[in-house]
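Just so it is clear: in the sequence shown, position 80 is 80 by this note's numbering, and no numbers are missing.
Report on one structure; see the data block that follows.
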Amino acid sequence: MLGSHTELLYITDVPDSQHYPPESPPRAWAEINLTHLRQNYRTVATYHQGDIMAVLKAGAYGHGIEKIAQTLEGIENNMAPPAFLGVASVIEARRLHQAGIHTRIYLLGPTFPSEREEIIAHRWTPCISTMGEAIHFNDLNTGNKPLPVHLAVDTGMGRGGFLPHHILASMDELSELVNLEIEGIGSHLPSADEDAAFTQEQFQLYDNTVESIGTDLFRYRHLSNSAGLLAYQSRTTNLCRPGLMLYGISPLPEYQKKLKPVMTLKSRVSLVRTLPSGMGISYGRETILEKDTQVATIGIGYGDGFPRSLSMQNANVWIQKTRCPILGRVTMDQIMADVSHLDNCKPGDEVELFGNNILVSEIATHANTIPWEILTGITPRVTRKYIGH
Ligand SMILES: *Cc1c(COP(=O)(O)O)cnc(C)c1O
Numbered sequence: 001m002l003g004s005h006t007e008l009l010y011i012t013d014v015p016d017s018q019h020y021p022p023e024s025p026p027r028a029w030a031e032i033n034l035t036h037l038r039q040n041y042r043t044v045a046t047y048h049q050g051d052i053m054a055v056l057k058a059g060a061y062g063h064g065i066e067k068i069a070q071t072l073e074g075i076e077n078n079m080a081p082p083a084f085l086g087v088a089s090v091i092e093a094r095r096l097h098q099a100g101i102h103t104r105i106y107l108l109g110p111t112f113p114s115e116r117e118e119i120i121a122h123r124w125t126p127c128i129s130t131m132g133e134a135i136h137f138n139d140l141n142t143g144n145k146p147l148p149v150h151l152a153v154d155t156g157m158g159r160g161g162f163l164p165h166h167i168l169a170s171m172d173e174l175s176e177l178v179n180l181e182i183e184g185i186g187s188h189l190p191s192a193d194e195d196a197a198f199t200q201e202q203f204q205l206y207d208n209t210v211e212s213i214g215t216d217l218f219r220y221r222h223l224s225n226s227a228g229l230l231a232y233q234s235r236t237t238n239l240c241r242p243g244l245m246l247y248g249i250s251p252l253p254e255y256q257k258k259l260k261p262v263m264t265l266k267s268r269v270s271l272v273r274t275l276p277s278g279m280g281i282s283y284g285r286e287t288i289l290e291k292d293t294q295v296a297t298i299g300i301g302y303g304d305g306f307p308r309s310l311s312m313q314n315a316n317v318w319i320q321k322t323r324c325p326i327l328g329r330v331t332m333d334q335i336m337a338d339v340s341h342l343d344n345c346k347p348g349d350e351v352e353l354f355g356n357n358i359l360v361s362e363i364a365t366h367a368n369t370i371p372w373e374i375l376t377g378i379t380p381r382v383t384r385k386y387i388g389h
């Protein structure tokens with residue numbers, strides 16, 4: 001192929017000759033700023049003396065698990081790279097393994113019995129919620145060196161883990177499982193961004209539980225997600241598990257200025273037209289123009305993960321450094337915005353749906369959801385474009 005006539009044509013047309021045939025320009029893309037990712041990681045380290053588990057579940061919150069893992073694993077300059085990468089499932093663990101990632105992989109939720117042989121073979125780190133799981137891992141690991149596992153303790157999340165009084169009663173039995181090395185103890189916070197009083201009590205309960213078992217028995221002790229890390233202190237923890245914060249979004253608005261959004265969701269104006277007063281815009285004609293209006297059509301919709309629930313919520317997009325109101329309902333592939341106040345809005349103009357200028361948190365509020373859901377909902381047809389390093 002190389003050197004053939006058509007190939008040469010493409011090489012002159014397309015700067016990146018790796019792609020054959022050339023890709024058409026993406027209509028919607030997410031710029032992923034790896035420099036911002038590193039800066040946020042550094043910010044995590046300023047809040048926490050100890051090790052970091054970078055939470056990379058759900059495709060690194062939609063940012064692309066391989067690239068985010070490679071970037072964090074390569075962190076240096078007096079900074080320790082993450083001790084663990086936290087994923088939700090064996091499928092995600094496999095993706096990290098296949099990408100050649102060497103950092104230890106931690107499975108944040110319970111595992112299915114059929115997954116455990118593979119987990120042991122790769123020495124991924126499971127968290128254990130019941131005696132039954134512990135015994136199964138112990139039996140499967142016969143004849144190998146002990147598998148490091150973490151105990152999950154349920155201090156209030158109601159999703160997994162031993163209850164605090166059960167774990168105390170189970171410690172003797174757990175320590176008899178010679179094919180397991182009980183290396184860590186973790187718990188999770190259900191409302192660190194919503195209920196300070198409850199969260200304070202939870203920190204107390206966690207610290208008391210760990211201390212009554214024996215803090216030094218556990219190499220790793222972990223409780224905090226992003227909100228816990230930003231706003232609370234523990235006596236016992238030495239590992240934190242930030243997710244959202246790494247991606248530059250604070251679950252607590254007062255800390256947002258310390259972080260830099262990693263993902264900017266972008267599209268382009270595809271049409272600009274002047275439409276008359278009285279004209280309906282989009283499905284259901286919920287918006288009827290009250291005056292002649294310059295309307296831009298933009299190439300992104302709920303098929304890209306830009307939520308349909310944003311329809312009719314007074315949300316904005318960002319064009320030519322200016323907020324422009326979304327008009328009518330979000331459709332599958334396109335949205336419309338009022339650009340009457342822009343001087344010269346034209347097809348091809350870049351549009352920021354969220355990023356530095358319009359935070360994904362703001363979009364989430366308008367869509368009556370949370371930034372985690374928006375980020376993880378950006379669909380595969382949105383090209384991820386990595387910038388920075
Ligand atoms: C998702 C998750 C985290 C990260 O939470 P953020 O709020 O995104 O920082 C930490 N721990 C566990 C167990 C999780 O499931």
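Even glycine gets a Cβ: it sits at the ideal position worked out from N, Cα and C.
The alpha helix (DSSP H) enclosing residue i, as first and last residue numbers
i, result
"residue 372", "371-376"
"residue 196", "196-213"
"residue 150", "No alpha helix (DSSP H) contains residue 150, which is instead part of the beta strand (DSSP E) from 147-152."
"residue 226", "226-231"
"residue 61", "57-62"
"residue 136", "131-140"
"residue 263", "Counting along the chain, residue 263 falls outside any alpha helix (DSSP H), though it belongs to the beta strand (DSSP E) covering 263-275."
Local Cβ density within 10 Å of residue i, reported as buried at 16 or more and exposed below that
i, result
"residue 356", "exposed"
"residue 134", "buried"
"residue 91", "exposed"
"residue 385", "exposed"
"residue 269", "buried"
"residue 271", "exposed"
"residue 217", "exposed"
"residue 114", "exposed"
"residue 139", "exposed"
"residue 143", "exposed"
"residue 15", "Caution applies to residue 15, whose pLDDT of 41 falls short of 50 and renders its modelled position unreliable; the model cannot decide the point."
"residue 43", "buried"
"residue 283", "exposed"
"residue 301", "buried"
"residue 231", "buried"
"residue 49", "exposed"
"residue 35", "exposed"
"residue 46", "exposed"
Inter-residue CB distance, residue i and residue j (contact presumed, cutoff 8 Å)
i, j, result
"residue 193", "residue 251", "4 Å"
"residue 338", "residue 325", "5 Å"
"residue 240", "residue 32", "Wrong, their Cβ atoms sit about 23 Å apart, outside the cutoff."
"residue 54", "residue 72", "5 Å"
"residue 237", "residue 222", "6 Å"
"residue 86", "residue 56", "6 Å"
"residue 382", "residue 30", "5 Å"
"residue 219", "residue 183", "5 Å"
"residue 468", "residue 93", "Absent from the model: residue 468. The displayed extent of the chain is 1 to 389, so no value can be given."
"residue 69", "residue 99", "6 Å"
Check whether residue i and residue j have beta carbons under 9 Å apart
i, j, result
"residue 228", "residue 189", "yes"
"residue 130", "residue 105", "no"
"residue 370", "residue 307", "no"
"residue 266", "residue 149", "no"
"residue 225", "residue 253", "no"
"residue 389", "residue 310", "no"
"residue 274", "residue 295", "yes"
"residue 289", "residue 305", "no"
"residue 202", "residue 158", "no"
"residue 281", "residue 318", "no"
"residue 151", "residue 174", "yes"
"residue 335", "residue 297", "yes"
Same chain, Cβ closer than 8 Å to residue i, neighbours up to 5 away in sequence not counted
i, result
"residue 40", "245, 246, 247, 248, 259, 260 and 262"
"residue 213", "167, 168, 171 and 185"
"residue 312", "286, 287, 328 and 329"
"residue 111", "90, 119, 126 and 133"
Boundaries of the beta strand (DSSP E) in which residue i is found, first to last residue
i, result
"residue 36", "Taken as a continuous stretch (DSSP letters only), residue 36 belongs to no beta strand (DSSP E), being part of the alpha helix (DSSP H) at 34-47."
"residue 316", "316-319"
"residue 27", "From DSSP, residue 27 is part of no beta strand (DSSP E); its letter is neither H nor E."
"residue 354", "350-354"
"residue 380", "Run containing residue 380: none; DSSP gives neither H nor E here."
"residue 336", "335-338"
"residue 81", "First-last for residue 81: undefined, no H or E at that position."
Own chain residues within Cβ distance below 6 Å of residue i, not counting five before or after
i, result
"residue 215", "236"
"residue 62", "375, 376 and 378"
"residue 5", "Interpretation of residue 5 is limited by its pLDDT of 38, a score under 50 that renders its predicted location unreliable; no figure is taken from the coordinates."
"residue 323", "316"
"residue 141", "120, 147 and 179"
"residue 163", "154"
"residue 303", "332 and 333"
Nonlocal neighbours in the same chain, by C-beta distance under 7 Å from residue i, ignoring five residues either side
i, result
"residue 320", "342, 345 and 349"
"residue 191", "198 and 199"
"residue 82", "52, 53, 54, 72 and 103"
"residue 95", "65 and 66"
Chain C contact for residue i (CB, 9 Å cutoff)
i, result
"residue 177", "No chain C appears in the structure shown, which is made up of a single protein chain."
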